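Each residue of the sequence shown is one higher than the one before, counting from 42 in this note's numbering. Below: the structure, in structure tokens.
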Amino acid sequence: MAKSTAHSNTPSYILAIDQGTTSTRAFLLDETMRICGVAQQEFEQHFPNSGWVEHDVNDIWGSVLTTCQDVIQHNDIDIQAIRGIGITNQRETVIAWHKTTLEPVYNAIVWQDRRGTAFCDELRKRRLDGMVQQKTGLLVDPYFSASKMRWILHNVPEARALCDEGLLCFGTVDSYLIAKLSGGAHVTDVTNASRTQLFNIQSLQWDPALCDVFEIPMASLPAVQACDSLFAHADAGLFGAAIPICGVAGDQQAALIGQGCFNVGDIKSTYGTGCFALLNTGTHPVQSNNRLLTTVAYQIDGEVHYALEGSIFVAGAAIQWLRDGLQVIDSAAQSEACAQQADEHQSLFLVPAFTGLGAPYWNSDARGALFGITRATSANELCKAALESIVYQSVDLFTSMHDDLSSMAHTSQGGALTNAIRVDGGMVANDWLMQFLADMLNTQIDVPNSIETTVLGAAYLAGKHLGMYNDVRSDSNNAHIKRTFTPSKDAAWRAARLMQWHAAVNSTLQFHQPNEPSPS
Numbered sequence: 042m043a044k045s046t047a048h049s050n051t052p053s054y055i056l057a058i059d060q061g062t063t064s065t066r067a068f069l070l071d072e073t074m075r076i077c078g079v080a081q082q083e084f085e086q087h088f089p090n091s092g093w094v095e096h097d098v099n100d101i102w103g104s105v106l107t108t109c110q111d112v113i114q115h116n117d118i119d120i121q122a123i124r125g126i127g128i129t130n131q132r133e134t135v136i137a138w139h140k141t142t143l144e145p146v147y148n149a150i151v152w153q154d155r156r157g158t159a160f161c162d163e164l165r166k167r168r169l170d171g172m173v174q175q176k177t178g179l180l181v182d183p184y185f186s187a188s189k190m191r192w193i194l195h196n197v198p199e200a201r202a203l204c205d206e207g208l209l210c211f212g213t214v215d216s217y218l219i220a221k222l223s224g225g226a227h228v229t230d231v232t233n234a235s236r237t238q239l240f241n242i243q244s245l246q247w248d249p250a251l252c253d254v255f256e257i258p259m260a261s262l263p264a265v266q267a268c269d270s271l272f273a274h275a276d277a278g279l280f281g282a283a284i285p286i287c288g289v290a291g292d293q294q295a296a297l298i299g300q301g302c303f304n305v306g307d308i309k310s311t312y313g314t315g316c317f318a319l320l321n322t323g324t325h326p327v328q329s330n331n332r333l334l335t336t337v338a339y340q341i342d343g344e345v346h347y348a349l350e351g352s353i354f355v356a357g358a359a360i361q362w363l364r365d366g367l368q369v370i371d372s373a374a375q376s377e378a379c380a381q382q383a384d385e386h387q388s389l390f391l392v393p394a395f396t397g398l399g400a401p402y403w404n405s406d407a408r409g410a411l412f413g414i415t416r417a418t419s420a421n422e423l424c425k426a427a428l429e430s431i432v433y434q435s436v437d438l439f440t441s442m443h444d445d446l447s448s449m450a451h452t453s454q455g456g457a458l459t460n461a462i463r464v465d466g467g468m469v470a471n472d473w474l475m476q477f478l479a480d481m482l483n484t485q486i487d488v489p490n491s492i493e494t495t496v497l498g499a500a501y502l503a504g505k506h507l508g509m510y511n512d513v514r515s516d517s518n519n520a521h522i523k524r525t526f527t528p529s530k531d532a533a534w535r536a537a538r539l540m541q542w543h544a545a546v547n548s549t550l551q552f553h554q555p556n557e558p559s560p561s
């Protein structure tokens with residue numbers, strides 16, 4: 042368990058900000074990492090054109106300020122008891138603002154936005170994708186920040202004018218929040234920087250060649266710091282005290298930290314709208330042979346760890362589709378009972394490529410398909426197929442991770458996966474899904490006491506800097522497991538299902554031939 046320091050006679054708290062894609066939440070956590078209070082505020086997404094996704098920057102900032110003030114006031118916390126602020130955030134989303142006024146020059150361009158597709162296609166045609174991947178660990182794709190920044194410079198006259206005057210700041214959401222909280226500090230952490238496609242993950246610096254490729258002036262980019270460092274102090278006028286901001290990480294890396302995945306081979310997998318899996322690969326970046334991403338996992342105590350990351354675009358979104366689109370169920374929770382009641386003799390396979398297929402396929406042109414439907418197919422079988430599709434995609438993803446890590450066997454970093462996968466996210470409440478995941482992966486699945494691992498990660502970082510907690514690498518409170526699922530099926534059972542799944546995927550990919558090259 043985490044231990045308090047010399048402040049043990051007086052309660053101490055961390056204020057953790059979780060700025061997400063559809064809402065912002067603020068948490069108070071005590072010396073034992075117990076969540077003592079939470080406030081949440083949703084905000085609107087904007088879709089001005091096909092494939093475009095934006096947020097009003099003032100909505101983001103307003104939601105952060107409101108939730109922080111609310112959680113402090115509603116829990117009657119003495120502001121002096123809040124020793125630090127930790128921030129975790131939606132990654133890749135870009136904000137541009139005036140250096141002195143801090144006013145945004147355009148809406149935030151969200152990670153889901155695809156307006157940079159044409160430019161990324163051009164980079165691949167120019168055969169620059171290999172160079173970009175070698176330096177950043179990322180595939181050339183509009184998912185990442187750089188093409189979004191370039192679009193702003195080319196399409197927002199105010200941004201270009203400010204850039205020419207040296208007054209333009211670019212940043213991911215964490216960077217803008219720090220600027221607003223502190224009154225102007227322009228800084229970010231290594232995990233968020235590593236998602237921009239402008240950051241060299243080996244030198245740990247902004248890369249001049251990458252900035253030239255994307256036409257982004259380096260002077261507009263924030264300073265980069267370790268995750269557990271002092272970034273700035275919040276202006277005392279906001280909360281009543283100048284609270285240090287001393288822990289920052291992108292949401293998926295924060296979840297990795299919150300799950301205590303500090304050893305080579307440790308994996309966490311978040312099951313929400315999509316699925317994001319990170320595998321700790323140690324102190325040197327490992328380039329994937331299976332189209333996974335290489336990214337910075339964290340920098341703590343000056344030591345950098347890297348991760349392989351795979352993204353599944355559609356996980357819980359498949360259940361949302363059944364609920365909101367087809368309206369065959371009334372709630373997401375109902376899907377578990379439906380799966381339990383489904384006809385075991387029906388072989389129904391859903392390939393949920395609603396917006397393409399993620400890792401290891403990275404095919405943005407693929408679209409969904411349903412195989413094996415009969416007159417007897419009901420909502421029960423549809424729910425079961427949707428849940429199973431999440432697991433089948435996970436198998437493909439973890440198989441790729443296993444292959445990549447096995448290639449490290451000859452190195453000092455090892456080459457073996459740990460014997461359990463730590464999961465979090467809203468879908469881990471579905472016991473049927475977790476058991477099927479354990480059966481198909483032939484691996485133990487660990488569900489933690491708290492699924493708020495992203496927030497715990499941000500709080501750990503701030504508390505680590507302040508000395509409030511023991512070494513997070515060996516004393517992760519969230520490592521305490523609430524439930525464990527172990528495999529109960531044999532290899533033949535798994536192989537038969539995977540054969541049918543891969544046949545369904547191959548048929549889907551053949552039907553939807555790509556019209557443009559996928560990132561590779």
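The beta carbon of each residue, even a glycine, is placed where N, CA and C say it ideally should be. Since the model is a prediction, treat every value here as computed from it, not as a measurement.
**Report entry** First and last residue of the uninterrupted alpha helix (DSSP H) at residue 102
**Finding:** Sequence index remark: in the sequence shown, residue 102 carries index 61 (1-based). DSSP places residue 102 inside the alpha helix (DSSP H), whose first and last residues are 98-115.
Query raised in the report: Should residue 376 be flagged as near chain D, meaning a C-beta pair shorter than 9 Å?
Result: No chain D appears in this structure, which consists of one protein chain only.
Requested in this report: Quick one: measure Cβ to Cβ for residue 191 and residue 291, integer angstroms, because I've assumed they're closer than 8 Å.
Outcome: Within the sequence shown, numbered from 1, the residue matching residue 191 stands at position 150. Within the sequence shown, numbered from 1, the residue matching residue 291 stands at position 250. So it is not a contact: roughly 21 Å between Cβ atoms.
Query - Simplified DSSP assignment, three categories, for residue 535 - result: Walking along the sequence shown from the start, residue 535 turns up at place 494. If DSSP states are grouped into helix, strand and coil, residue 535 belongs with the helices.
Query raised in the report: With C-beta atoms as the reference, is residue 186 less than 9 Å away from residue 246?
Result: The residue given as residue 186 occupies position 145 in the sequence shown. The residue given as residue 246 occupies position 205 in the sequence shown. Contact: no.
Report task. Answer with buried or exposed for residue 198, where buried requires no fewer than 16 other C-beta atoms within 10 angstroms of its C-beta. Result -> Along the sequence shown, one-based indexing puts residue 198 at 157. By the 10 Å Cβ count, residue 198 comes out exposed.
Query raised in the report: Considering only residues of the same chain and omitting the five flanking positions on each side of residue 544, which have a CB-CB separation below 6 Å?
Result: The residue labelled residue 544 in the question sits at position 503 within the sequence shown. Closer than 6 Å at the Cβ level, and outside the excluded window around residue 544, lies no residue.
Query raised in the report: Where DSSP assigns a beta bridge to residue 489, which residues make up the other side?
Result: If you number the sequence shown from 1, residue 489 lands on position 448. Paired residues: 522.
Report task. Kindly indicate the opening and closing residues of the beta strand (DSSP E) around residue 230. Result -> Counted from its first residue, the sequence shown places residue 230 at position 189. Note, residue 230: beta strand (DSSP E), 228-230.
Query raised in the report: By a C-beta neighbour count over all protein chains shown, 10 Å radius and 16 as the cutoff for buried, is residue 221 buried or exposed?
Result: Translated into the one-based positions of the sequence shown, residue 221 becomes position 180. Burial call: buried.
Query raised in the report: Is DSSP giving residue 348 helix, strand or coil here?
Result: Here residue 348 refers to the residue found at position 307 of the sequence shown. In the three-state reduction of the DSSP assignment, residue 348 falls in the strand class, which pools E and B.
Requested in this report: Would you list, in sequence order, the uninterrupted alpha helix (DSSP H) runs of no fewer than 4 residues that lie entirely inside the stretch 57-97?
Outcome: For secondary structure counted as the alpha helix (DSSP H) over 4 or more consecutive residues, the stretch 57-97 holds no complete run.
Query raised in the report: Can we say the stretch 68-77 touches the stretch 490-502, given the rule of at least three CB pairs closer than 8 Å?
Result: Contact between the stretch 68-77 and the stretch 490-502 is present, because at least three Cβ pairs lie under 8 Å.
Requested in this report: Mind listing, in chain order, the continuous alpha helix (DSSP H) runs of no fewer than 4 residues lying wholly within the stretch 315-390?
Outcome: For the stretch 315-390, the continuous alpha helix (DSSP H) assignments of 4+ residues that do not extend past its boundaries occur at 357-361, 375-382, in sequence order.
Query raised in the report: Hey, which unbroken runs of the alpha helix (DSSP H) at 4 residues or more fall wholly within the stretch 227-289?
Result: With a minimum length of 4 residues, the continuous alpha helix (DSSP H) runs that stay inside the stretch 227-289 are 231-234, 249-255, 277-280.
Query - Three-state secondary structure assigned by DSSP to residue 198 - result: Along the sequence shown, one-based indexing puts residue 198 at 157. Residue 198: helix per DSSP, three-state reduction.
Report task. Grab me the residues of residue 433's own chain with a C-beta within less than 6 Å of its C-beta, minus the 5 sequence neighbours each way, in chain order. Result -> Counted from its first residue, the sequence shown places residue 433 at position 392. Cβ within range, chain order: 542.
**Report entry** Element boundaries [beta strand (DSSP E), containing residue 138]
**Finding:** Residue mapping note: residue 138 aligns to position 97 of the sequence shown, counting from 1. That run of the beta strand (DSSP E) goes 135-139.
Query raised in the report: If you draw a straight line from the alpha carbon of residue 313 to that of residue 358, how long is it in whole angstroms?
Result: Reading the sequence shown from its first residue, position 272 is the one you call residue 313. Reading the sequence shown from its first residue, position 317 is the one you call residue 358. Near 8 Å, if we compare the C-alpha coordinates of residue 358 and residue 313.
Query raised in the report: How close, in whole Å, do the beta carbons of residue 461 and residue 486 come, if the pair is a contact with beta carbons under 8 Å?
Result: Counting from one through the sequence shown, the residue named residue 461 turns up at place 420. Counting from one through the sequence shown, the residue named residue 486 turns up at place 445. That pair is a contact at about 7 Å.
Report task. Rank 476, 478, 349, 308 by C-alpha distance to the C-alpha of residue 445 and give the top, closest one. Result -> By one-based count along the sequence shown, residue 445 stands at place 404. With distances taken between Cα atoms, residue 445 lies closest to 349.
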